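**Q** The structure under discussion is supplied below as structure tokens; questions concerning it will follow.
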Amino acid sequence: MAMARADVTATVTLSGPPNSPDETFIASASNCGEGSVRHTENWKIGPKGELGDVVVWVVDPKFGPNTPAPAEPQMTQIGCRYDPHVLAVVAGAPFQVLNADPTLHNVLARVYTGPTDPPGDTIFNLGQSYKGQLDQEQFDAPGIYTLNCNVHSWMQAWVRAFPHGCFAVTGADGKAALQLSSHLLDGTYKIDAWHPRFAQSQEQTIVVKAGTAAVTFKFEGAKSL
Ligand SMILES: [Cu+2]
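Each number in my numbering corresponds to the 1-based position in the sequence shown with 480 added.
Here you go:
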């Protein structure tokens, strides 16, 4: 009997306190559906250090036949925040952008050039004026991009675009199952993880058998931006 194929799964934890913990601030905004007391969204850390908003991907995946196209992701503006805070997409493939607020947002997408440099080229600047407005956008090149809204200065999200669909983003439980990974050919792969508050590569090696492997990443708070 053939062994059932499962996903490549990742578990990500943070050890020690981060260098830039979240802070509370007052936002002046109407029709945002939330109070004016807000907090920055740098960290999603669980009780045991489970780290959310971490993008995990196979570096150079080799897929078997009949591998389906990955699901089309969506970025939602809700409560004058981006949901999710960190999104992964396939370069050259469309993703959806939804305004779920009864107010004007614009989505300014720029190239992320590093923690100390100003943002790079503008990729698109999408105005969304009404609740329910749904548009499609895409990033043609793999890379890291930031989204900002000029109406609500605190709104920020990250989008990481890949040349393939074998990636996932950890939830609040620090866990992720990489989409399409059950279609990987057996073999040895590099796998990496990225969180917006870290500059270092976390690359390690996994051996995938029957589409399955489990990997653990540990980020150190002391090395965070
Ligand atoms: Cu906005």
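All C-beta atoms in this analysis are idealised placements derived from N, C-alpha and C, irrespective of residue type, glycine included.
Computed from a prediction, not measured in an experiment: that's the story for all the values here.
Assign Asn530 to one of two classes, buried (16 or more other C-beta atoms within 10 Å of its C-beta) or exposed (fewer than that).
**A** In the sequence shown, counting from the first residue as 1, residue 530 sits at position 50. Position check: residue 530 holds Glu in this sequence, whereas Asn was assumed. It counts as buried.
**Q** Specify whether the segment 663-677 and the segment 601-620 touch according to this definition: at least 3 beta carbon pairs, one from each stretch, less than 8 Å apart.
**A** They do not touch, by the three-pair rule.
**Q** Using the three-state DSSP reduction, which class does Ser495 fall into: helix, strand or coil?
**A** Locating residue 495 in the sequence shown gives position 15, where the first residue counts as 1. Strand at Ser495.
**Q** Does DSSP put Gly701 in a helix, a strand or coil?
**A** Start at 1 with the first residue of the sequence shown, and residue 701 comes out as number 221. Correct three-state label for Gly701: helix.
**Q** Going by the C-beta, is Met635 closer than 7 Å to any heavy atom of ligand 1?
**A** As a working mapping, residue 635 is identified with position 155 in the sequence shown. Met635 Cβ: within cutoff of ligand 1.
**Q** By alpha-carbon positions, which one of Leu567, Val539, Asp502 and Gly600 ends up nearest to Arg706?
**A** This structure cannot speak to residue 706, because the chain is shown only from 481 to 705.
**Q** Can you tell me whether His632 is helix, strand or coil according to DSSP?
**A** Counting from 1 along the sequence shown, the entry for residue 632 is found at position 152. It is coil, neither helix nor strand.
**Q** Does the distance from the C-beta atom of Ser704 to that of Pro564 stay below 8 Å?
**A** Within the sequence shown, residue 704 is the residue found at index 224, counting from 1. Within the sequence shown, residue 564 is the residue found at index 84, counting from 1. No.
**Q** Measure from the alpha carbon of Gly515 to the alpha carbon of each residue in Val631, Arg561 and Pro643, then state which is nearest.
**A** Reading the sequence shown from its first residue, position 35 is the one you call residue 515. Answer by Cα proximity: Arg561.
**Q** Just mark Gln576 as buried or exposed, buried being the case when its beta carbon has 16 or more other beta carbons within 10 Å.
**A** Counting from one through the sequence shown, the residue named residue 576 turns up at place 96. It counts as exposed.
**Q** Does the Cβ-Cβ distance between Phe642 and Ala571 come in under 8 Å?
**A** Indexing the sequence shown from 1 puts residue 642 at position 162. Indexing the sequence shown from 1 puts residue 571 at position 91. Yes, they are a contact pair.
**Q** How long is the line joining the alpha carbons of Tyr610 and Cys512, rounded to whole angstroms?
**A** Walking along the sequence shown from the start, residue 610 turns up at place 130. Walking along the sequence shown from the start, residue 512 turns up at place 32. One C-alpha to the other measures close to 12 Å.
**Q** Can you tell which of Ala573, Leu494, Thr593 and Lys524 has its C-alpha closest to the C-alpha of Thr626?
**A** Position 146 of the sequence shown, counted from the first residue, corresponds to residue 626. Checked all of Ala573, Leu494, Thr593 and Lys524; the closest Cα to Thr626 is Thr593.
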